[in-house]
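Quick note: the sequence shown uses this note's numbering, first residue 228, plus one each step.
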Amino acid sequence: MTGARQQPLLFLDVDGPLIPFGAGPYAQGSGPNPLLARIDPALGPQLRSLHCELVWATTWGQDANECVAPRLGLPELPLVDWPEPSGHDGPGGVHWKTPALVAYAAGRPFVWVDDEIGAADRAWVAAHHPGRALLRRVDAGVGLAGADLAAIRAWLGPEAAEGPVPGPGRPSGSIGA
228 MTGARQQPLL
238 FLDVDGPLIP
248 FGAGPYAQGS
258 GPNPLLARID
268 PALGPQLRSL
278 HCELVWATTW
288 GQDANECVAP
298 RLGLPELPLV
308 DWPEPSGHDG
318 PGGVHWKTPA
328 LVAYAAGRPF
338 VWVDDEIGAA
348 DRAWVAAHHP
358 GRALLRRVDA
368 GVGLAGADLA
378 AIRAWLGPEA
388 AEGPVPGPGR
398 PSGSIGA
């Protein structure tokens, strides 16, 4: 007996991908976190249209559901539980998030969107994760852009193509762009 095919996971970081740090034309925010004004609400429908399970992969914790998700029109999403922070990346420059994301995925295909992904993370995922993975490094100055979404759609395959995404896409291999 076989079960239904599970959708790939999409691990979302907040700072950088969803809250860009660049000087762009952002509204001036106020309140306890004025950077929330930099979130582009148009990203929400595009993320929801992807055939994958969205998961917060951020140190924002539950605040991602309370502060970020409503601005994107997203429902409450599951959160990755992080190990106790050591303040240091792992051996060889592996980002401290990488092992936890691979453990959370438990063999499922996944996309990881973050502004701190490096070559060591790609190598670690290739060596320790049996499924497909796309590690998409986002320009923190710009945030998640049309080219990033197009690359994710291309990697997810034809069933992910519910609508056009502006910007050129770069289809990726097993570990990604």
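Idealized CB from N, CA, C, for every residue including glycine.
Status (buried if at least 16 other CB within 10 Å, exposed otherwise) for residue i
i, result
"R275", "exposed"
"G243", "buried"
"T285", "buried"
"A346", "exposed"
"L239", "buried"
"A330", "exposed"
"L328", "buried"
"D308", "exposed"
Cβ pair residue i, residue j closer than 7 Å
i, j, result
"L362", "I379", "no"
"C279", "L245", "no"
"L376", "Q273", "yes"
"W287", "V241", "yes"
"L371", "L270", "yes"
"L281", "L306", "no"
Close Cβ partners of residue i (< 7 Å) along its chain, the five nearest in sequence each way excluded
i, result
"G171", "Any answer about residue 171 is impossible in this case: the structure gives the chain only from 228 up to 404."
Rounded distance between the beta-carbons of residue j and residue i, thought under 8 Å
i, j, result
"V365", "P235", "Going by Cβ atoms, the distance from V365 to P235 rounds to 18 Å, so no, they are not a contact pair."
Proximal residues to residue i (C-beta, below 6 Å), its chain only, five neighbours per side dropped
i, result
"P326", "none"
"D341", "D240"
Spatial neighbours of residue i in its chain, beta-carbon cut-off 8 Å, leaving aside the 5 residues before and after
i, result
"G358", "A332, G334, R335, P336 and F337"
"I266", "L245, I246, V295, R298 and L299"
Exercise for the section: Please determine if the segment 346-360 and the segment 294-307 are in contact, where contact requires at least 3 C-beta pairs separated by less than 8 Å. Expected result: no
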